[in-house]
Amino acid sequence: MIEGQDYLDFRDAVLVHLVNDIEPPGIPRVQLSQIATEHGLAFPPSWILALARDYEQSGWGTVHLLNQVEYFEINGAGIARATELRRAQRRKGPLEYIRSVPRSDWIAAGAFIVSIFALFKG
-10 MIEGQDYLDF RDAVLVHLVN DIEPPGIPRV QLSQIATEHG LAFPPSWILA LARDYEQSGW
50 GTVHLLNQVE YFEINGAGIA RATELRRAQR RKGPLEYIRS VPRSDWIAAG AFIVSIFALF
110 KG
């Protein structure tokens, strides 16, 4: 195993890089090892062998064998998964953190502030 990286992180990273590379021109068949190598992702050989079949079993595309070389063709579900991963990896700004706080927490914080004022005022 590569230090600091597990197979699932590698799988997600290759999927995101694959979608980044093919958008907007179209959806070609690609070699996943080439995508991983181009983007500097270190991996043991066993991971790249399992990757295309893993994507296919997850419903994210189809594996094609041409001239003894395995190619992967991503589909809409794979692109949707890569989009979800991109959103999850995107850094949140301060406004997004504020918007993500549940309404009940804002109410509790407001009540706490009012009670502090009442404590010192009375």
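Numbering-wise (this note's numbering), the sequence shown opens with residue -10 and increments by one.
The beta carbon of each residue, even a glycine, is placed where N, CA and C say it ideally should be.
Ile63 counts as buried, since no fewer than 16 other beta carbons sit within 10 angstroms of its beta carbon. Using a Cβ-Cβ distance cut-off of 8 angstroms, the segment 35 to 48 and the segment -1 to 8 are in contact, since at least three pairs of beta carbons, one from each stretch, lie closer than that value. When secondary structure is reduced to three states using DSSP, Arg18 falls in the strand class. Within a 10 Å sphere around the beta-carbon of Leu21 sit 16 or more other beta-carbons, which makes this residue buried. In the three-state reduction of the DSSP assignment, Leu40 falls in the helix class. A straight-line Cα-Cα distance of about 34 angstroms links Leu30 and Ile87. About 6 angstroms separates the beta carbon of His53 from that of Arg18, a gap short enough to meet the 8 angstroms contact definition.
For the 8 angstroms CB-CB criterion, Ile24 and Asp43 do not form a contact.
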